[in-house]
Amino acid sequence: MAGRGTRSTAEEVFSGSPRGLALFRAVERLLETLGPAAVPADVRVRATTSQIAFRTRHGFAYAWWPGRYMRSTVPAVLSIALHERLDSPRFKSEVQVSPGVWIHHLELHSEEDLDAEVADWLRRARDEAG
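This note's numbering applies: residue 51 is where the sequence shown begins, and numbers increase by one.
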């Protein structure tokens, strides 16, 4: 097993949550449908022991399994980084992690959670990340 902060795989990040792994794959498919970025950039995926980051110049979305850290029945969380706080009841929480960067935590239970609204948030986050 990979140590903290080292490269890992999606299967390792979601070991214990096969549903979470399936939801992570659905997020990957959704990102492929977003079309060209405002500033052309390739989306890269990097897995660590704790999460999988989607990056351009900077990270803009992160998938992780809360059951690894606490008692939870949520199969996956998608954390989306944006320059401002969005007000939506869909988010479990929003946290300002630095000036001008808000992380929005969205619990994922099924593929239906990954709708047009989430696609818009991901497109915006990707474009803001450069």
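Just so you know, even glycine gets a beta-carbon here, dropped at the ideal spot from N, CA and C.
Determine the contact status of residue i and residue j, defining contact as a CB-CB distance below 9 Å.
| i | j | result |
| --- | --- | --- |
| S129 | H154 | yes |
| L164 | A76 | yes |
| W114 | V151 | no |
| E167 | H133 | no |
| R173 | G70 | no |
| P125 | L81 | no |
Taking residue i as the reference, give the member of the options with the closest Cα.
| i | options | result |
| --- | --- | --- |
| H159 | V127, T99, A179 and F110 | V127 |
| L65 | E82, R79 and S100 | In the sequence on display, residue 65 carries Ser and not Leu. Comparing Cα-Cα distances from S65 to each of E82, R79 and S100, the minimum goes to S100. |
| F104 | Q146, A131 and P149 | A131 |
| E78 | A111, P86, R107 and P68 | A111 |
| E162 | R140, G180, P149 and E144 | R140 |
| G180 | R96, M120 and T106 | T106 |
| L24 | S138, S67 and T98 | Nothing about residue 24 can be reported from this structure: the residues present for the chain run from 51 to 180 only. |
With a threshold of 9 Å between beta carbons, is residue i in contact with chain C?
| i | result |
| --- | --- |
| D163 | Protein chains in the displayed structure number just one, and chain C is not present. |
| What beta strand (DSSP E) runs, 3 residues minimum, are completely inside the stretch 92–152? | 94–97, 102–105, 109–114, 126–132 and 141–148
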